[in-house]
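Going down the list, the protein sequences come from chains F and U. Quick note on numbering: the first sequence equals residues 1419 to 1749 in the working numbering. Quick note on numbering: the second sequence equals residues 748 to 1112 in the working numbering. What follows is one structure encoded as structure tokens, with my remarks underneath.
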Amino acid sequence: MTVFKTVLGAGAALAMSAVAALAEPGLIIDLGGKFDKSFNEAAYNGAQRWVKETGGSYIETELQSEAQREQNMRKMAERGANPIVVLGFANASTLERVAPDYPDTNFAIIDMVVDQPNVLSIVFAEHEGSYLVGMLAGMKTQTKTVGFIGGMDIPLIRKFACGYVQGVKAVDPSIRVIQNMTGTTPAAWNDPVKGAELARAQIAQGADVIYAAAGGTGVGVLQAAADAGIYSIGVDSNQNYMHPGSVLTSMVKRVDNAVYNVFKAGTEGTFKPGFLLMNLANDGVGYALDEYNAALITDEMKAAVEDAKAKIIAGEIKVHDYMSDDSCPVE
Amino acid sequence: MGRLPKWADVALIPLINLALALIVSGLVVLYIGENPIEAVAIMVNGAIGSTYGWGYTLYYATNFIFTGLAVAVAFHARLFNIGGEGQAGLGGLGVALVCLFIPWPHWTLALPAAILAGALFGAALAAVPAWLQAKRGSHIVITTIMFNFIASALLVYLLVNVLKKPGQMSPETARFPEGARLPSAHDMASWVGLDFSKSAPLNITFFIAILACVAVWFLIWRTRLGYQIRAFGHSEPAAVYAGINPVKITMVTMLISGALAGLMGINSVMGEAERLVIDSVQGAGFVGIAVALMGRSHPAGVFLAALLFGMLYQGGGELEFEKPAVSREMILVIQGLVILFTGALDNMVRMPLEGLFLRLRGGAR
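Here you go:
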């Protein structure tokens, strides 16, 4: 009887989904997984918010390895998903080849620029957000030593690091910043064990605030920091809730807004390919302040950061972008 | 006596195994609340329902034919080469180097060179475990699997530090120049005026895989070397007594095996990705073991088993896409069940079946 019910139920579900399968947006979750509590999860949350607000549905798939990118992208396009959002720089060379094959499908890529007539490239000013959390770290440290743990060693992550160091040094140039990268392959985005190891090594060297820009690896960094009773800074999603009292703040990169906007524009027919920069001015990046870290951020700290934020938006403070010349003026 | 008729050995047992695997998989699918009949329909339709599906199915099958043949050849000498993963990865490296650094005017010239390079690199990785087995008696299972890690570490090092295009963030080589582009199924179909999905990665390598099947059949059953390999596999002391050099046979067999695995690089690196990425093998080296077991180490069997696994891969991917409740891990479970039933639990079906046939024959007499 149960079997029979299952069969009937599944049949009905299929019939229903067949009707609704017209031009749904698609989202390809990158390596690291949907619930990395960081980059991918932000994108997933953006898609979920769109679902909740519009009642629509979208197609989603998760990458398991480097070599699957092309098939997954094509599968999405063949299935008629439109627009299709791909996450992360690693998709660029694949998208460059896939996009021309589907001229009627719109694509959006996050964190990389792909110059095709049907692609919207969304990049973030991570250095600006990192500068602000760097200031908070600089004001919070007692040991005059703070840490940075990156995921994969690539220019994009060095951009985070460089902005962070500039923020720290803006508070006090004598503060030492210890920097480590988790690895050199995409596996470095999902290695919380190594992240925790690096965090412990930095704590042993005296770091008392550690900024993790490492996707899923950061979960381990935040845990190690909480265990040692020091402060940490989350990334991409707001991670303040994960260890209240230990996570000082999070450098939020509104990947969720990016995905939400693309989905919304795509289904309303207002999608525009091209280039989109999300920075402090349009709230594309920022630092997270909520009930979980309210006790950690004093009013002076907040005032100083808000002041810097206003100055960056106004152009009075120039935060150096590592990727503009592949170098960082401060160490 | 007690042996099965040939048709039962090559067809009936694999089919029963497959049916059992599918039934157990169906129960698993049912358990997570999906309809197994519908799941099978999605898988079959996804694998062979369109030229796009066929394109991917045969593309995967091509990979599995190469790695399956590699295991099969070694198995005829009772050498268990489970280093196909690493050998295929290194073969891909050889193919990539040839395609990247020599400006080929046309693919007809690039292809033979890529075949040579892929085979050479694959064989080179198999050579060390083969030598250790032949001269030192280090067990080939242990050494080949350890060499998988060496190959993967080497590839990561090269991609991150040496071969990466400057200024690029992801660890992959630049795209191969146009002259090294193999004709895809779409191109080949248009030569004869047919229409084939443009996005499927199936390419001319499929025919090379079929040629490789024929060549392996010829080698094993029609040449002196093949006879020596089989004799050595059946009984090493007898082979030695007959004047067959065990060191030479071990080395040659493993070199051929490694070369076959290395050829996979032509399909995945030159044919599909047109650049070298991390993990270009995607586990095909290990699937090759199951393919060879299921195909009874015969090239025709390997071909059919590779086709089946190609369908499982492509159909499984479609199922995961279509049914969010069926996760990627579920597909792995289904594939794992097929491998378990066809490979590991083979005797579970074989013994009762042998008994049955024995009784039937006894009854007839």
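All C-beta atoms in this analysis are idealised placements derived from N, C-alpha and C, irrespective of residue type, glycine included.
Open item on the list: Which residue wins for smallest C-alpha separation from residue 1011 of chain U, given the options U/877, U/814 and U/1048?
Closed with: The residue given as residue 1011 of chain U occupies position 264 in the second sequence. Out of U/877, U/814 and U/1048, U/814 has the C-alpha closest to the C-alpha of residue 1011 of chain U.
Task: DSSP three-state assignment for residue 922 of chain U, whether helix, strand or coil - done: Position 175 of the second sequence, counted from the first residue, corresponds to residue 922 of chain U. If DSSP states are grouped into helix, strand and coil, residue 922 of chain U belongs with coil.
Open item on the list: Rounded to the nearest angstrom, what separates residue 1746 of chain F and residue 1525 of chain F at their Cα positions?
Closed with: On the first sequence, residue 1746 of chain F is found 328 positions in, with the first residue counted as 1. On the first sequence, residue 1525 of chain F is found 107 positions in, with the first residue counted as 1. Their Cα atoms are separated by approximately 32 angstroms.
- [ ] Determine the extent of the beta strand (DSSP E) in which residue 781 of chain U is found, giving its start and end residues.
- [x] Here residue 781 of chain U refers to the residue found at position 34 when the second sequence is read from its first residue. First-last for residue 781 of chain U: undefined, no H or E at that position.
Task: Residues that residue 1484 of chain F contacts on chain U, provided the C-beta gap is smaller than 7 angstroms - done: Taking the first residue of the first sequence as position 1, residue 1484 of chain F is located at position 66. What residue 1484 of chain F touches in chain U: 1024, 1025 and 1026.
Task: Residues from the region 930-956 of chain U in contact with chain F, defined by Cβ distance under 9 angstroms - done: 944, 945, 946, 947 and 948
Task: Beta-bridge pairing of residue 1654 of chain F - partner residues as DSSP gives them - done: As a first step, residue 1654 of chain F must be located in the first sequence, where it is residue number 236. Beta-bridge pairing links residue 1654 of chain F to F/1670.
Task: Whole-angstrom C-beta distance between residue 1593 of chain F and residue 1563 of chain F, which should lie under 8 angstroms - done: Taking the first sequence and counting its residues from 1, the one referred to as residue 1563 of chain F is at position 145. Taking the first sequence and counting its residues from 1, the one referred to as residue 1593 of chain F is at position 175. About 7 angstroms separates the two Cβ atoms, so the contact holds.
- [ ] Please confirm if residue 1075 of chain U has its CB atom under 7 angstroms from at least one CB of chain F.
- [x] The residue labelled residue 1075 of chain U in the question sits at position 328 within the second sequence. It does; some Cβ of chain F falls within 7 angstroms.
- [ ] Following the continuous alpha helix (DSSP H) through residue 848 of chain U, name the residue where it begins and the one where it ends.
- [x] Position 101 of the second sequence holds residue 848 of chain U. Start and end: 831-848.
Open item on the list: Tell me the rounded alpha-carbon separation between residue 1674 of chain F and residue 1446 of chain F.
Closed with: Within the first sequence, residue 1674 of chain F is the residue found at index 256, counting from 1. Within the first sequence, residue 1446 of chain F is the residue found at index 28, counting from 1. Rounded to whole angstroms, residue 1674 of chain F to residue 1446 of chain F spans 14 angstroms at the Cα level.
Open item on the list: In whole angstroms, give me the CA-to-CA distance for residue 1425 of chain F and residue 808 of chain U.
Closed with: Walking along the first sequence from the start, residue 1425 of chain F turns up at place 7. Walking along the second sequence from the start, residue 808 of chain U turns up at place 61. Low local confidence applies: a pLDDT of 43 at residue 1425 of chain F is under 50, so the model's placement there is unreliable, and no value is given.
Open item on the list: I need the DSSP call for residue 1705 of chain F, collapsed to helix, strand or coil.
Closed with: For the purposes of this step, residue 1705 of chain F is taken as the residue at position 287 of the first sequence. Looking at residue 1705 of chain F - three-state DSSP - the assignment turns out to be strand.
TODO: Give, in chain order, every residue of the region 1484-1498 of chain F whose Cβ lies closer than 9 angstroms to some Cβ of chain U.
DONE: 1484, 1485, 1486, 1487, 1488, 1489, 1490, 1492, 1493, 1494, 1495, 1496 and 1497
Open item on the list: Helix, strand or coil for residue 1597 of chain F? Go by DSSP, reduced to three states.
Closed with: For the purposes of this step, residue 1597 of chain F is taken as the residue at position 179 of the first sequence. Strand at residue 1597 of chain F.
Open item on the list: Using 7 angstroms as the threshold, is the C-beta distance between residue 1699 of chain F and residue 1731 of chain F below it?
Closed with: By one-based count along the first sequence, residue 1699 of chain F stands at place 281. By one-based count along the first sequence, residue 1731 of chain F stands at place 313. Closer than 7 angstroms, so yes.
- [ ] Give the straight-line distance between the Cα atoms of residue 1550 of chain F and residue 1506 of chain F, rounded to the nearest whole angstrom.
- [x] Here residue 1550 of chain F refers to the residue found at position 132 of the first sequence. Here residue 1506 of chain F refers to the residue found at position 88 of the first sequence. Their backbone Cα atoms lie some 23 angstroms apart in a straight line.
Task: Proximal chain U residues relative to residue 1480 of chain F, where beta-carbon distance stays under 9 angstroms - done: In the first sequence, residue 1480 of chain F corresponds to position 62, counting from 1. The contacting residues are 1067, 1074 and 1075.
Task: Listed by chain order, chain U residues near residue 1572 of chain F by CB distance under 7 angstroms - done: Here the question's residue 1572 of chain F lines up with position 154 in the first sequence. Result: 916.
Task: CB contact below 7 angstroms: residue 778 of chain U versus chain F - done: The residue given as residue 778 of chain U occupies position 31 in the second sequence. With 7 angstroms as the cut-off, residue 778 of chain U does not count as an interface residue toward chain F.
Open item on the list: Just to confirm my understanding: we take residue 998 of chain U, look at its own chain, exclude 5 residues before and 5 after, and list those with CB closer than 6 angstroms. What are they?
Closed with: Reading the second sequence from its first residue, position 251 is the one you call residue 998 of chain U. Result list for residue 998 of chain U: 877 and 881, in chain order.
TODO: Give me the Cβ distance between residue 800 of chain U and residue 852 of chain U, rounded to the nearest whole Å; I'm assuming they're in contact under 8 angstroms.
DONE: Counting from 1 along the second sequence, the entry for residue 800 of chain U is found at position 53. Counting from 1 along the second sequence, the entry for residue 852 of chain U is found at position 105. At roughly 34 angstroms, the Cβ-Cβ gap does not stay under 8 angstroms, so residue 800 of chain U and residue 852 of chain U are not in contact.
Open item on the list: Taking the straight line between their C-alpha atoms, what separation do you get for residue 1485 of chain F and residue 1448 of chain F?
Closed with: The residue you call residue 1485 of chain F lines up with position 67 of the first sequence. The residue you call residue 1448 of chain F lines up with position 30 of the first sequence. Those two C-alpha atoms are separated by around 12 angstroms.
TODO: With DSSP as the reference, please indicate the residues paired to residue 957 of chain U in a beta bridge.
DONE: For the purposes of this step, residue 957 of chain U is taken as the residue at position 210 of the second sequence. In the DSSP output, where bridge partners are listed per residue, residue 957 of chain U has none listed.
Task: Chain-order list of residues whose beta-carbon lies under 8 angstroms from that of residue 789 of chain U (same chain, five-residue window excluded) - done: Stepping through the second sequence from its first residue, residue 789 of chain U is reached at position 42. Here the set comprises 1062, 1065, 1066, 1069 and 1070.
- [ ] May I ask you to report which of helix, strand or coil DSSP gives residue 1081 of chain U?
- [x] Here residue 1081 of chain U is taken as the residue at index 334 of the second sequence, counted from 1. Here residue 1081 of chain U sits in helix by DSSP.
Task: For residue 1563 of chain F, the first and last residue of its enclosing alpha helix (DSSP H) - done: Translated into the one-based positions of the first sequence, residue 1563 of chain F becomes position 145. Where residue 1563 of chain F is concerned, there is no enclosing alpha helix (DSSP H), although the beta strand (DSSP E) it sits in stretches over 1563-1570.
Task: Where residue 1741 of chain F sits in the DSSP three-state scheme - done: By 1-based counting over the first sequence, the position of residue 1741 of chain F is 323. Helix.
Open item on the list: Does the CB of residue 1029 of chain U have a neighbour CB from chain F at under 7 angstroms?
Closed with: The count along the second sequence starts at 1 and reaches residue 1029 of chain U at position 282. With 7 angstroms as the cut-off, residue 1029 of chain U counts as an interface residue toward chain F.
TODO: Report yes if the C-beta distance between residue 1009 of chain U and residue 868 of chain U is below 7 angstroms; otherwise report no.
DONE: Along the second sequence, read from residue 1 onward, the residue named residue 1009 of chain U stands at position 262. Along the second sequence, read from residue 1 onward, the residue named residue 868 of chain U stands at position 121. Yes, these two residues count as a Cβ contact at 7 angstroms.
Open item on the list: What would DSSP say about residue 827 of chain U, mapped onto helix, strand or coil?
Closed with: The residue you call residue 827 of chain U lines up with position 80 of the second sequence. It is coil, neither helix nor strand.
Task: Span separating the alpha-carbon of residue 775 of chain U from that of residue 1073 of chain U - done: Locating residue 775 of chain U in the second sequence gives position 28, counting from the first residue. Locating residue 1073 of chain U in the second sequence gives position 326, counting from the first residue. Taking the straight line joining both Cα atoms gives about 10 angstroms.
Task: Cβ contact check for the region 854-865 of chain U and the region 927-941 of chain U: 3 or more pairs under 8 angstroms - done: yes
TODO: Out of F/1628, F/1547, F/1695 and F/1493, state which residue places its alpha-carbon closest to the alpha-carbon of residue 1585 of chain F.
DONE: Counted from its first residue, the first sequence places residue 1585 of chain F at position 167. When only C-alpha atoms are compared, the closest one is F/1547.
TODO: Give me the Cβ distance between residue 1023 of chain U and residue 920 of chain U, rounded to the nearest whole Å; I'm assuming they're in contact under 8 angstroms.
DONE: Taking the first residue of the second sequence as position 1, residue 1023 of chain U is located at position 276. Taking the first residue of the second sequence as position 1, residue 920 of chain U is located at position 173. Confirmed, about 5 angstroms.
Task: Chain-ordered chain U contacts of residue 1603 of chain F [CB-CB under 7 angstroms] - done: Counting from 1 along the first sequence, the entry for residue 1603 of chain F is found at position 185. By Cβ distance, chain U contributes 903, 907, 918 and 1025.
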